[in-house]
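Asker: Residue numbers (our numbering): 4 to 170.
C-beta atoms are modelled at their ideal positions from N, C-alpha and C, and glycine is treated no differently.
Mind looking over this structure? Questions follow.
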C-alpha cells in the first residue's frame, strides 16, 4: 500500500511530441467543457472543475509538458486543492510546527533549570494541531474525490496515461 499523499505527483513519458500532447489536452478540454475548465499556457496546463460545481475542496490538476531527448514528451504534474486552500494548509503546518519546535526548546530550557515544564503542553498542542491540519486535508481529499476522478478521466480521454487507470 502506498503512503498517503496530500498532493499526489504525476510523472510519465509519452511517445508523442510535447506539441501533440498539448493539442490532445486542448481537444479533451473542449470535449469536457461541461465538466472541466482549463487552459494551456505555453507548456503549462491548468485544469479544474467548472465554476458552477466548484467548492472549497475542489481539486486542480497542474501539468508541465517538456520535450524528451528520445523524441517524446515527459509530463510532470500535481493534483491538489486550489492554490488558496493549499496556502492555508501550508500556513497551518508552519504555524503549528514552528510553535511545537520553539516550545520544545523552551521546555528543554525549563528542564535544565529544574523549573516546571509547562511548555510541553504547547509542544503537544502544536503537534496535535498539525495532525488536525493533516486530517483536514485528507477529509478534503475525500470530499473532492469524485471531481478528482473527473480530472483523471479528462487525462485518459486526451490519450495520456492516467494514474488511476491501473487501480
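(1) Evaluate residue 135 with the Cβ neighbour count: other Cβ atoms within 10 Å of its Cβ, from every protein chain shown; 16 or more gives buried, anything less gives exposed.
(2) According to DSSP, is residue 118 helix, strand or coil?
(3) From residue 112 to residue 98, what distance separates their C-alpha atoms?
(4) Apply the 10 Å Cβ neighbour rule to residue 147 and answer buried if 16 or more other Cβ atoms are within range, or exposed otherwise.
(5) Just to confirm before moving on: does the CB-CB distance between residue 78 and residue 25 stay below 8 Å?
(6) Tell me, please, whether the segment 148-155 touches the segment 47-59 by the rule of three or more beta-carbon pairs shorter than 8 Å.
(7) My output table needs one value for residue 13: the three-state DSSP class, helix, strand or coil.
(8) By the 10 Å Cβ neighbour count, where 16 or more other Cβ atoms means buried, how is residue 61 classified, buried or exposed?
(9) Residue 135 by DSSP, collapsed to three states: which one?
(10) Is residue 141 helix, strand or coil by DSSP?
(11) In three-state terms, what does DSSP make of residue 48?
(12) From 129, 95 and 93, pick the residue whose C-alpha is nearest to that of residue 107; which is it?
(13) Roughly how many angstroms separate the alpha carbons of residue 20 and residue 124, rounded to a whole number?
Answerer: Inspection of the coordinates gives the following:
(1) The count along the chain shown starts at 1 and reaches residue 135 at position 132. Per the 10 Å Cβ criterion, exposed.
(2) As a working mapping, residue 118 is identified with position 115 in the chain shown. Reduced to three states, the DSSP call for residue 118 is coil.
(3) Locating residue 112 in the chain shown gives position 109, where the first residue counts as 1. Locating residue 98 in the chain shown gives position 95, where the first residue counts as 1. Taking the straight line from one Cα to the other gives about 21 Å.
(4) Counted from its first residue, the chain shown places residue 147 at position 144. The residue is buried, with at least 16 neighbouring Cβ atoms inside 10 Å.
(5) Taking the first residue of the chain shown as position 1, residue 78 is located at position 75. Taking the first residue of the chain shown as position 1, residue 25 is located at position 22. Not in contact: residue 78 and residue 25 (Cβ atoms no closer than 8 Å).
(6) yes
(7) Along the chain shown, one-based indexing puts residue 13 at 10. Residue state, collapsed to three classes: strand.
(8) Locating residue 61 in the chain shown gives position 58, counting from the first residue. So residue 61 ends up on the buried side.
(9) Residue 135 sits at position 132 when you count from the first residue of the chain shown. Note: residue 135 maps to helix in three-state DSSP.
(10) For the purposes of this step, residue 141 is taken as the residue at position 138 of the chain shown. Correct three-state label for residue 141: helix.
(11) Translated into positions along the chain shown, residue 48 becomes position 45. The answer is strand: DSSP assigns residue 48 an E or B state.
(12) As a working mapping, residue 107 is identified with position 104 in the chain shown. Selected option, being the one with the closest Cα: 129.
(13) For the purposes of this step, residue 20 is taken as the residue at position 17 of the chain shown. For the purposes of this step, residue 124 is taken as the residue at position 121 of the chain shown. Approximately 56 Å between the Cα atoms of the pair.
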